[in-house]
Amino acid sequence: MQKLQGLFPEWRRLLQTENTARSERFKELHSELAGELEQLSLDLDDIHATISMVEGNRGTFQISDAELASRRRFVTESRQTLEQLQKDMRGPQTRAKLESDQKALLSSAASSARAREERQSRAVQDNQAFLDRQRQQQAQLMARQDEDLTELSLSAQRLGNTAQILNVELKEQQKLLEELDEDIDKEAEKLNFVMKRMGKLLKTSDSKQLCLIIGLSCLVAFLLFLLINT
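This is how it looks when you write it as structure tokens:
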């Protein structure tokens, strides 16, 4: 009985201040008190049976009426205390508190589960958004690379066309130079022929012929100048 009276105040305090479905200490006390109450009830039944046996065999047991009355009072008072404790532990208020705490725990667990699901959902959405951004950036990068490659291809094509034009012009200039060389060679041959003739003529002493030679030389030089510069 003393153990019960020592444990019960803490049990009542935890019942009033804690969530009984979550408090491990309350669960331990509740289980221990229930066991002690059950054992006390059995002990009181044994004592009551012993008192009844003594009363039926007064000649065998040397116990006074006062002692029997004292033991009866003890059993009666103990049983009243036991019934009050059982009422406190099993009464409607206690059951209501236990049920309320259990519902609160389940509600909290459900809320935690919903919060966890929401966090997981947000994490999935954030991950999907990140992947979408990465794919978009990759697509933009590939588009820019395609544009750069297209521009490079066009630039290479323009350079190729320019090179072809330059090649054609160089060939034309080369042809003109070759034709000019041929013309110069021909005129040089003519000039050599003329110079040889002039050399023969210079050997003469006729002044008229000499003036004619000088005039022809100037004419040849002028024609050669025109040929070179046209």
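Residue numbering for the sequence shown is 14 to 243, as defined by our numbering. Note that CB positions come from ideal geometry on N, CA and C, so glycine has one too. Nothing here was measured: the structure is a model prediction, and the numbers come from that model.
Span of the alpha helix (DSSP H), counted from its first residue to its last, around residue i
i: Glu68; result: 37–69
i: Phe21; result: 15–30
i: Ala79; result: 78–103
Cβ-based burial, residue i [other Cβ within 10 Å; buried from 16]
i: Thr163; result: exposed
i: Thr30; result: exposed
i: Leu98; result: buried
i: Leu246; result: No answer is possible for residue 246: it lies beyond the span of the chain, which begins at 14 and ends at 243.
i: Leu55; result: exposed
i: Leu189; result: exposed
i: Leu232; result: exposed
Residue closest to residue i, alpha-carbon to alpha-carbon, out of the options
i: Leu42; options: Leu20, Leu53, Leu50; result: Leu20
i: Phe39; options: Arg25, Gly48, Gln52; result: Arg25
i: Lys16; options: Ser77, Ala136, Gly48; result: Gly48
i: Ala109; options: Asn32, Gln75, Arg92; result: Asn32
i: Leu28; options: Ser113, Asn70, Leu179, Asp159; result: Ser113
CB-CB length for residue i against residue j, believed under 8 Å
i: Leu50; j: Leu95; result: 6 Å
i: Ala34; j: Gln115; result: 5 Å
i: Leu57; j: Arg86; result: Rounded, the Cβ-Cβ distance is 13 Å, inconsistent with contact.
i: Leu81; j: Ile64; result: 6 Å
i: Ile76; j: Val88; result: At roughly 14 Å, the Cβ-Cβ gap does not stay under 8 Å, so Ile76 and Val88 are not in contact.
i: Glu200; j: Leu237; result: 6 Å
Coarse secondary structure for residue i, derived from DSSP in three states
i: Gln75; result: coil
i: Ala117; result: helix
i: Ala34; result: coil
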